[in-house]
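So the sequence shown is numbered by our numbering: it starts at 8 and just counts up by one. Beta carbons: idealized from backbone N, C-alpha and C, even for Gly. Heads up, the thing below is written out as structure tokens.
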Amino acid sequence: MDSSSSSSFPGVEESSNSDNTSAPPINAGSGSGGASSFSRYENQKRRDWNSFGQYLNNHRPPLSLSRCSGAHVLEFLRHLDQFGKTKVHIPICPFYGVPTPPGPCPCPLQQAWGSLDALIGRLRAAYEENGGKPENNPFAARAVRLYLREVRDLQSKARGISYEKKKRKRKNPETASLPVTPPPPPPPPIGET
8 MDSSSSSSFP GVEESSNSDN TSAPPINAGS GSGGASSFSR YENQKRRDWN SFGQYLNNHR
68 PPLSLSRCSG AHVLEFLRHL DQFGKTKVHI PICPFYGVPT PPGPCPCPLQ QAWGSLDALI
128 GRLRAAYEEN GGKPENNPFA ARAVRLYLRE VRDLQSKARG ISYEKKKRKR KNPETASLPV
188 TPPPPPPPPI GET
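Now the structure itself:
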């Protein structure tokens, strides 16, 4: 792959096929601001969408977005693992479950769960923004959700870190509207009048 490629995923080359049967590319914008007028999230979402379209184009046989299923999304996620930078220890590794291992080991590198989760979120949104119906969204398929949960749990155990959902502090609406009254004064000591 040449270094001038704008793909956000290594190994998924941008091609110049004129018979693009996959996902239609998201344009960076027609205004004078170009891509810089979009947020980082929007730019990343556009790159991810275009990269997934290239993956579909490079698929053998090439796939159209309308024929793409959750199984193809899983294939794409597994393909991305070869470019991962997160060490995921296997159960027989002496560093399995150790958050900061003291030395090297031959365990594989994979995409981090958080990266895959964020990627699927962006692709899910891009699919619907490009005319896809929510009920047909391959990125929202049950198999994809289960795969992400499995990756999260595996990586959590292998790396010795917790991916527990952070609890949000919510104000109780009943107590938030009540006025705060100071406590009553203490009773006078016994024997003093």
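Gly40 in three-state terms, based on DSSP: Unreliable positioning characterises Gly40 in this predicted model, as indicated by a pLDDT of 44, which lies under 50. A coordinate reading is not provided.
Simplified DSSP state of Leu116, which is helix, strand or coil: strand
For Lys94: DSSP bridge partner residues: Leu116
Straight-line Cα distance separating Lys176 from Asp88: 35 Å
Ile127, DSSP secondary structure in three states: helix
Rounded separation between Val80 and Pro189 - CA only: 59 Å
Close beta carbons around Gly38, own chain, < 7 Å, minus the five adjacent residues each side: Confidence at Gly38 is low in this model, with a pLDDT of 41, below 50, so its placement is unreliable and the value that follows should be read with caution. Ser44.
Contacting residues, own chain, Cβ-Cβ under 6 Å from Cys112 (five flanking each side not counted): Cys100, Phe102
Assigned exposure category for Ile127 - 16 Cβ within 10 Å defines buried: buried
Residue burial classification, Gly40 (beta-carbon count within 10 angstroms, cutoff 16): Note that Gly40 scores 44 on pLDDT, short of 50, meaning its location in the model is unreliable; the coordinates nonetheless yield the value given after this. It is exposed - the Cβ of Gly40 has fewer than 16 other Cβ atoms within 10 Å.
Any non-hydrogen atom of the ligand COA closer than 7 Å to Val80 Cβ: This structure lacks the ligand COA; in fact it carries no ligand of any kind.
Alpha helix (DSSP H) segment containing Asn50, residue limits: 47-65
Reference Asn144; option with closest CA among Arg129, Arg156, Val158: Arg129
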